[in-house]
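Heads up, the thing below is written out as structure tokens.
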Amino acid sequence: MKNNLTFREFLITRLIQAAGYSAIVFVALIFFFLLREGLPTLAEVDGSSLLNIRWYPIEGFFGILPLITGSLIVTLGAALIAVPFGIGTAVYISEIAPRWMREILKPLVELLGGLPSVVLGFLGILVLSPYLRVFLDLPTGLTAFTGSLLLGGIAVPTVVSVAEDALDAVPRAYREGAWALGATQWQTIWRVTLPAARSGVLTAVMLGVGRAIGETMTVMMVTGNAPVLAVKLSSLFSPVRTMTATIAAEMGEVANGSTHYHVLFFIGMVLFIISLIVNIIASSVVFRAKKRAERILS
Amino acid sequence: MMRLFARNRHTVQRLGFSLITLMAVVTVLPIVGTIIFILLKGGSAISFEFLSGFPHNGMRAGGILPAIIGTLYLTIGTAVFSVPLGIAAAIYLAEYAKDNQVTRLIRLAIINLAGIPSVVYGLFGLGLFVLFLQFGTSILAASLTLSIMTLPVIISTAEEALRSVPQAFRTVSISLGATRWQTIRRIVLKEALPGILTGVILGLERAAGETAPILFTGAAFFLPRLPQSPFDATMALPYHLFVISTQVPEMPIQIQYGTALVLLVFVLSMNMIATVIRSRARAKRQW
């Protein structure tokens, strides 16, 4: 009986441990399969044509530069919206709003995070883009700018929740100290609380940007899907095509194992590496901030 | 001079607060607006026939039953894999893991899993489940892909819930002669259940609304009958909305809004259940 119990305990502990390690296994598996299907690209397409400005797979043009610039311009636009509004909302929720308001706002922002991106894309097509076309007098409403507006909305909940956590973690004594010195609440927010939460706010921005680069359905639906090099400011108001949208739009139609198939996996690999870098940097910022806080407390 | 300055900085504060409040309002209003707009526009499309019928006439008429059932299957399939694995991983991190290099690597892996673009999950699912393991484009392959995507949400919320159970509960249980696992199963898990449930539902909510990961792993454009086994492909609400709003010409607007409404209600009701469980658990908590 006793032995039986010990054995069960042993078995369960091992199972739980295996589950704990599974996250590492999954990241490794994902990377492995992206490499496996993506790396043949380098043998099949030579580097100069990969870094070309023409993406026209049917005739064998696999230049991924337009897709990269497309992703960059849409993400940049999204960041310009999500960062100020996200941080502003976080400051409002954490520092200014009365308690009841906070109880309403936090679930609402969470709700935005849960809205399916395909619903936002749908509204983008039906409501936002016709409106923008008329309002900005453009030939089409399906532009990088439309994508940026919606992506900004998608990135906001990430920015708000991480930045709000960071502001919340600033010890109350910091604020009280500033108030005691005669600073207004506003001065305290800008000169004490936000600087103290700097690293967390930075993490919020990075994770928000990471979320925007990786978003697929919304951008595929509203950015017009034209793989042209987007390097001018006017590109913001013309159709572009992002890396994610290209994979989603074309993977369904390619033959497994073809060059086109490998290039799409190659783009996936690039996206994976970008998100890996963003997340590693963001989490190392968090870790460092934690260590400093521990030093201060000890 | 002093008084002027004092008044000035209070003016600055008033202006600043107004600006920040305005920003918060501008952030939140579109969310409310979106939901109300879809409720109003889609409401008239909802009928018994719409919810219980098959699409006709190239999806331009009829109902969306196969998409609703498909999303249900996918959500359940995702839960089957991700809930036990996610909770077990959370138990490991909260109760067993030592603070060492490996644990730090696990946490980094979880953060990375959370950040990987959804379409990359789709590629991975295609590479591993559909082609390598030869599950084909199927509910099984799509559910497995969605599970891995959902895992970080479940792990991190469940771990937080487990950690919020006071240490004294464990100490007392162990001192009464219970083993570690008995303590976890009968005491810690029981106390953390509402928090874990919230995380599980929020994770599944995300899975239910996702399109990109199922694009090449399990979603079907149109099927004349419901899927018969886990190895069949399926229609799904998010993918169906994508299809009818971009791929089908002359699609009646009514059906599009109706589909968006059903998807939104599906997702929002999960969100509300999670919120209710969380706030009720908070109110009942005695420690």
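Those sequence lines, one after another, are chains A and B.
Using my numbering, the letters of the first sequence correspond one by one to residues 1 to 298.
Using my numbering, the letters of the second sequence correspond one by one to residues 1001 to 1287.
Don't be surprised by glycine CBs; every beta carbon is placed ideally from N, CA and C.
Please read all numbers here as calculations on a predicted model, not as lab measurements.
Residue 1026 of chain B carries a helical assignment under DSSP once its states are collapsed to helix, strand and coil. Here residue 114 of chain A is actually not in contact with residue 222 of chain A; their C-beta atoms are around 20 Å apart, not less than 8 Å.
When the five nearest sequence neighbours on each side are left out, the beta carbons in the same chain lying within less than 8 Å of the beta carbon of residue 1261 of chain B are those of 1038, 1039, 1041, 1042, 1043, 1045 and 1046, in order along the chain.
Taking the C-beta atoms as reference points, residue 1122 of chain B is found nearer than 8 Å to residue 1215 of chain B.
In this structure the stretch 1203-1215 of chain B touches the stretch 1147-1166 of chain B; the number of beta carbon pairs closer than 8 Å is three or more.
The beta-carbon of residue 1096 of chain B is placed less than 8 Å from the nearest beta-carbon of chain A.
Residues of the stretch 201-217 of chain A that bring their beta carbon within less than 9 Å of a beta carbon in chain B comprise 207, 210, 211, 213, 214, 215, 216 and 217, in sequence order. For the pair residue 1089 of chain B and residue 1171 of chain B, the Cα-to-Cα distance works out to about 22 Å.
The bridge partners DSSP lists for residue 1234 of chain B are B/1219. Residue 145 of chain A places its beta carbon less than 8 Å from that of residue 237 of chain A.
The beta-carbon of residue 1170 of chain B is placed no less than 8 Å from the nearest beta-carbon of chain A.
The beta carbon of residue 58 of chain A does not come within 8 Å of any beta carbon belonging to chain B, so the residue lies off that interface. Taking the CA atoms as reference points, residue 1180 of chain B sits about 7 Å from residue 1174 of chain B. When Cβ-Cβ separations below 8 Å define contact, residue 24 of chain A makes contact with chain B. For the stretch 83-113 of chain A, the set of residues with a beta-carbon nearer than 8 Å to any beta-carbon of chain B comprises 84, 85, 86, 88, 89, 91, 92, 93, 96, 97, 105, 107, 108, 109, 110, 111 and 112, in chain order.
In the three-state DSSP reduction, residue 127 of chain A falls in the helix class (H, G or I). In this structure, the straight-line span from the alpha carbon of residue 259 of chain A to that of residue 1111 of chain B is close to 32 Å.
Chain-ordered, the chain A residues with CB closer than 9 Å to the CB of residue 1245 of chain B read 118, 121, 122, 125, 126 and 221. In the structure shown, the three-state DSSP call for residue 1061 of chain B is strand. DSSP assignment within the stretch 224-261 of chain A yields no whole beta strand (DSSP E) run of 3 residues or more.
Contacts with chain B at 8 Å (Cβ-Cβ) do not include residue 64 of chain A. Burial state of residue 1078 of chain B is buried, judged by a 10 Å Cβ sphere holding 16 or more other Cβ atoms. Going by C-alpha positions, residue 100 of chain A is about 16 Å away from residue 1283 of chain B.
Beta-bridge annotation (DSSP): residue 56 of chain A is paired with A/61. In the DSSP secondary-structure assignment, residue 1056 of chain B is bridged to B/1061.
If you check the CB distance, residue 1266 of chain B and residue 1140 of chain B do not come in under 8 Å.
Considering only B/1143, B/1086 and B/1109, the residue with the shortest C-alpha distance to residue 1125 of chain B is B/1143. Distance between residue 1178 of chain B and residue 1106 of chain B, taken at the CA atoms: about 29 Å.
Under the Cβ criterion of 8 Å, residue 44 of chain A is not counted among the residues facing chain B. Cβ proximity to chain B below 8 Å picks out 252, 256, 264, 265, 268, 271 and 272 from the stretch 252-273 of chain A.
Only residues of its own chain outside the window of five on either side were considered, and among them 193, 196 and 197 have a CB closer than 7 Å to the CB of residue 170 of chain A, listed in chain order.
The beta carbon of residue 181 of chain A does not come within 8 Å of any beta carbon belonging to chain B, so the residue lies off that interface. Nearest to residue 116 of chain A by C-alpha distance, out of B/1263, B/1134 and B/1257, is B/1263. In the DSSP assignment, residue 113 of chain A falls within the alpha helix (DSSP H) that extends over 99-114. Among the residues facing chain B, residue 237 of chain A is not included, as its CB has no counterpart in that chain under 8 Å away.
Using a 10 angstroms sphere on the CB of residue 257 of chain A, the tally of other CB atoms stays under 16, which defines it as exposed.
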